[in-house]
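Chemist: Residue numbers (my numbering): 17 to 175.
Quick reminder that beta carbons are idealized off the backbone N, C-alpha and C, glycines included.
If you're wondering where the values come from, they're calculated on a predicted model, not measured in any experiment.
I have a structure I would like to understand better, so I am pasting it below and will then ask my questions one at a time.
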């Protein structure tokens, strides 16, 4: 009997972790009223919504698409080895930014002067800063690199 209950609790814990919703908040806030977007199953929704009509963008394989579209003409970014390309491109001249060592660099640069943001403990800071006042947004869970890029798009261009 105890094994059955333990198995049920374990199953419930694992299944809720798999379908967990990751919320993205303004600055350092963790108030529900300050949710910018949320991510569930590779889809980025407006604020706390889970309606299909409120999907800002979504991830499929290594691409971020507009809304719920699957058309190649609606690809916003293609992500390969930390490099984020415009649309469906794979040309180095079309690299919008590069994610490396918890930093987001302009284009293909690796110079500290070209750092757009720093990611640390779920917080995204402007540039190379680590000051609380420079936190652009806070993520309350784990995201894949592709989901992070989708959130970056949502925060920068949809919010």
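Who are the near neighbours of residue 73 in its chain, counting only those whose CB is closer than 7 Å to its CB and skipping five residues on each side?
Modeler: 60, 80, 81, 82, 83, 92, 166, 169 and 170
Chemist: Under a three-way DSSP split, which group does residue 174 fall into?
Modeler: helix
Chemist: When we look at the beta-carbon of residue 39 and count the other beta-carbons within 10 Å, is it buried (16 or more) or exposed?
Modeler: buried
Chemist: What residues in its chain sit with their C-beta under 8 Å from that of residue 44, if we drop five residues either side in the sequence?
Modeler: Around residue 44: 139, 148, 151 and 154.
Chemist: Taking buried to mean at least 16 other C-beta atoms within 10 Å of its own C-beta, is residue 136 buried or exposed?
Modeler: exposed
Chemist: Just tell me which of 55, 48 and 77 has its CA closest to the CA of residue 68.
Modeler: 55
Chemist: From what residue to what residue does the beta strand (DSSP E) around residue 169 run?
Modeler: Per DSSP, residue 169 belongs to no beta strand (DSSP E); it is in the alpha helix (DSSP H), 161 to 169.
Chemist: Quick one: using the 10 Å Cβ neighbour count with 16 as the cut-off for buried, is residue 28 buried or exposed?
Modeler: With a pLDDT of 39 at residue 28, under the threshold of 50, the modelled position of this residue cannot be trusted; read the value that follows with caution. Residue environment for residue 28: exposed (fewer than 16 other C-beta atoms within 10 angstroms of its C-beta).
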